[in-house]
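Below: one structure, written as structure tokens.
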Amino acid sequence: MEIVIPPFDLKSIAPIVIISIAAILILIADVFCRKVFKDSLGYISFLVVAVTGVIAYAQTGQNVYSFSDMFVVDNFSVFFNLVFLFSTSIVILMSDNYIKQEGVNYGEYYTLLLFATVGMMLMAGASDLLTVFLGLEIMSISLYVLAGFTRDKVRSNEASLKYFLLGAFVTGFLLYGIALLYGATGTTNLKEIAAYISENSGFSNPMIIAGASLLIVGFGFKIACVPFHKWSPDVYEGSPTPVTAFMSVGPKAAAFAIFLRVFFVALPDLEQKWSIILWVLAVLTMTVGNLVAISQTNIKRMLAYSSIAHAGYALVAIIVGGDYGIAGLLFYMLAYTFMNLGAFAVIIVLGRKGEENANIEDFSGLGQKHPLLAVVMSIFMFSLAGIPPLIGFMGKFYIFSAAIKSGFLILAIIGVINSVISVYYYLRVTVVIYMKNPEREFTPLSLSPFIIFAILVTVFGTIFFGIFPSKIIAFAQKSAVLF
Numbered sequence: 477m478e479i480v481i482p483p484f485d486l487k488s489i490a491p492i493v494i495i496s497i498a499a500i501l502i503l504i505a506d507v508f509c510r511k512v513f514k515d516s517l518g519y520i521s522f523l524v525v526a527v528t529g530v531i532a533y534a535q536t537g538q539n540v541y542s543f544s545d546m547f548v549v550d551n552f553s554v555f556f557n558l559v560f561l562f563s564t565s566i567v568i569l570m571s572d573n574y575i576k577q578e579g580v581n582y583g584e585y586y587t588l589l590l591f592a593t594v595g596m597m598l599m600a601g602a603s604d605l606l607t608v609f610l611g612l613e614i615m616s617i618s619l620y621v622l623a624g625f626t627r628d629k630v631r632s633n634e635a636s637l638k639y640f641l642l643g644a645f646v647t648g649f650l651l652y653g654i655a656l657l658y659g660a661t662g663t664t665n666l667k668e669i670a671a672y673i674s675e676n677s678g679f680s681n682p683m684i685i686a687g688a689s690l691l692i693v694g695f696g697f698k699i700a701c702v703p704f705h706k707w708s709p710d711v712y713e714g715s716p717t718p719v720t721a722f723m724s725v726g727p728k729a730a731a732f733a734i735f736l737r738v739f740f741v742a743l744p745d746l747e748q749k750w751s752i753i754l755w756v757l758a759v760l761t762m763t764v765g766n767l768v769a770i771s772q773t774n775i776k777r778m779l780a781y782s783s784i785a786h787a788g789y790a791l792v793a794i795i796v797g798g799d800y801g802i803a804g805l806l807f808y809m810l811a812y813t814f815m816n817l818g819a820f821a822v823i824i825v826l827g828r829k830g831e832e833n834a835n836i837e838d839f840s841g842l843g844q845k846h847p848l849l850a851v852v853m854s855i856f857m858f859s860l861a862g863i864p865p866l867i868g869f870m871g872k873f874y875i876f877s878a879a880i881k882s883g884f885l886i887l888a889i890i891g892v893i894n895s896v897i898s899v900y901y902y903l904r905v906t907v908v909i910y911m912k913n914p915e916r917e918f919t920p921l922s923l924s925p926f927i928i929f930a931i932l933v934t935v936f937g938t939i940f941f942g943i944f945p946s947k948i949i950a951f952a953q954k955s956a957v958l959f
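Counted the way my numbering counts, the sequence shown spans residues 477 to 959.
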């Protein structure tokens, strides 16, 4: 019997190959190289990610299926790859001084970040449920370890264990969903699943409906939507702050990318059914996230519930669908990356060794002691609240206007009301910064050039793309057309 090896195209996965090789080499270098070289591993990782970003951008305009149609390169995957690589590069810059200060300056930290990025890129380009699972697990396993990277802290170990146990449990739901869809359609390829459902009236098949429902559970856990959100605040609070920042943007964007890909490519005939479920989840996620965030005193927990609320806004874009809805989600993911990473960068700068879990009250008097940082933090809070002319306002405006155009007026109104509620807890941070006297002594800031650069980039993106969003929106619309 002759074994036929299917053709494969290495060019299509060039960014993934480069990141993977770099991650392995960094791990080896950490073991065998001198300390001087070890201290440069972060800079090397940043350069690798930057070069990979250029290569990924060069794939714009392609529509190539490879590896027996299990992986696709298109504008949609390119857009998300750029978001992933940008978020990883900023987190690397934020991490350099932090992991040295906390005594966890190990090469495997950057290796895990890079492998998590590999998993996210696989998810964005997945055109088969097996590739979805492969990318999801590569990303998740890396994040489980990163959450507990400060091994001497009980909170970090607890965060890692909670995330691992709940993540492993939810993976079972996802696998059962994949198994049911395969059992009903005889394939795991997204386009072939869609063709089978269309040709055989599969939208009434209970196995297919059950499989789609279990996929919603699996993806809902990764985006931390209600009621699958309970892990998020504890994991965000206990994880090292740069890891929390990373988890809040990259993996969340990856989960939304595969959510879109699977449900709009494989299950469009079931849209009337799953859109009703997502409508309820979106309303619950926005409302619960914002209301619970009001009562938080720890800024990382507050941003965790804020992240849950933003997942609800993003779900609105999936419900809306079409070019406007999908393009709105793409733009919103980039907008959230800028403003959320920037906020976490300021938290890292102000944190003292072993006290990265700062309370909101710890920002009291920041406007007096460090006025520039106070202005920067206020910009990020205003943007997260959706105040014009910042990028957060444009992201919400694009999604809610798409919802109104598509006839989802009630959903848009609920979203706007929730956005107004969020203003309270975001502006509370600004009030504490400027209108309260310091409750603690601010230690001298250890500002490295890299975290300064990270803050400058995120501030620039938050302001500039809020005022001039047209190019990003045009790229997002081109990426959405493929659906």
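Just so it is clear, CB atoms sit at the ideal spot from N, CA and C, and this is done for glycine as well. None of these values were measured; they are calculated from a predicted model.
(1) Starting from Val540, trace the beta strand (DSSP E) both ways and give me its first and last residue.
(2) Who are the Cβ neighbours of Met683 in its own chain at under 7 Å, not counting the five residues just before and after it?
(3) Could you tell me which residues DSSP puts in a beta bridge with Asn665?
(4) I need the straight-line Cα distance from Asp545 to Ile928, nearest angstrom please.
(5) When the Cα atoms are used, what is the spatial distance from Leu960 to Val693?
(6) So for Val548, helix, strand or coil by DSSP?
(7) Is it true that the region 739 to 755 meets the region 609 to 617, where meeting means three or more beta-carbon pairs spaced less than 8 Å apart?
(8) Can we say the region 752 to 768 touches the region 808 to 815, given the rule of at least three CB pairs closer than 8 Å?
(9) How would you label Phe556, buried or exposed, when you count the other beta carbons within 10 angstroms and need 16 or more for buried?
(10) Taking the straight line between their C-alpha atoms, what separation do you get for Phe739 and Phe940?
(11) Rounded to whole angstroms, what's the CA-CA distance from Arg916 to Val554? Just pull it up for me.
(12) Is Asn835 helix, strand or coil when you go by DSSP?
(13) How big is the Cα-Cα spacing for Ala968 and Thr663?
(14) What is the rounded straight-line gap between the Cα of Asn833 and the Cα of Leu932?
(15) Exposed or buried, Phe562, counting other C-beta atoms within 10 Å across all chains shown (16 or more means buried)?
(16) Between the C-alpha atoms of Ile893 and Tyr541, what's the straight-line distance to the nearest angstrom?
(17) Going residue by residue through the region 559 to 624, where are the continuous alpha helix (DSSP H) segments of at least 4 residues, counting only ones entirely within it?
(18) Do you know how far the Cα of Ile886 is from the Cα of Ser895?
(19) Does the pairing of the region 839 to 859 with the region 579 to 599 give three or more beta-carbon distances under 8 Å?
(20) In the region 631 to 676, which residue ranges form an unbroken alpha helix (DSSP H) of at least 4 residues, counting only runs that do not cross its ends?
(21) Over the uninterrupted alpha helix (DSSP H) stretch that includes Ile489, give me the two end residues.
(22) Where does Leu952 land, buried or exposed, given buried means 16+ other C-beta within 10 angstroms?
(23) Identify every run of the alpha helix (DSSP H) within the region 683 to 727, keeping only runs that are complete inside it and at least 4 residues long; order them along the chain.
(24) Could you have a look at Asn774 and say whether DSSP puts it in helix, strand or coil?
(25) Run the CB neighbour count on Phe547, radius 10 Å, all protein chains shown included, and call it buried at 16 or more, exposed below.
(26) Ordered along the chain, which non-local residues of its own chain (more than five positions away) have a Cβ less than 8 Å from that of Phe735?
Looking at the atomic coordinates:
(1) 540 to 542
(2) Leu656, Gly659, Ala660
(3) Asp604
(4) 43 Å
(5) In the structure displayed, the chain extends from 477 to 959; residue 960 sits before or after that span and is not available.
(6) strand
(7) no
(8) no
(9) buried
(10) 33 Å
(11) 46 Å
(12) strand
(13) Given a span of 477 to 959 for the chain in the structure shown, any question on residue 968 remains unanswerable.
(14) Low confidence applies here, because Asn833 scores a pLDDT of 48, under 50, leaving its location unreliable and the question unanswered by this model.
(15) buried
(16) 42 Å
(17) 583 to 600, 605 to 623
(18) 14 Å
(19) no
(20) 666 to 675
(21) Taken as a continuous stretch (DSSP letters only), Ile489 belongs to no alpha helix (DSSP H), as it is neither H nor E.
(22) Here the sequence assigns Ala to residue 952, which means Leu is not the residue at that position. Ala952 should be labelled buried.
(23) 707 to 714
(24) strand
(25) buried
(26) Phe695, Ile699, Ile794
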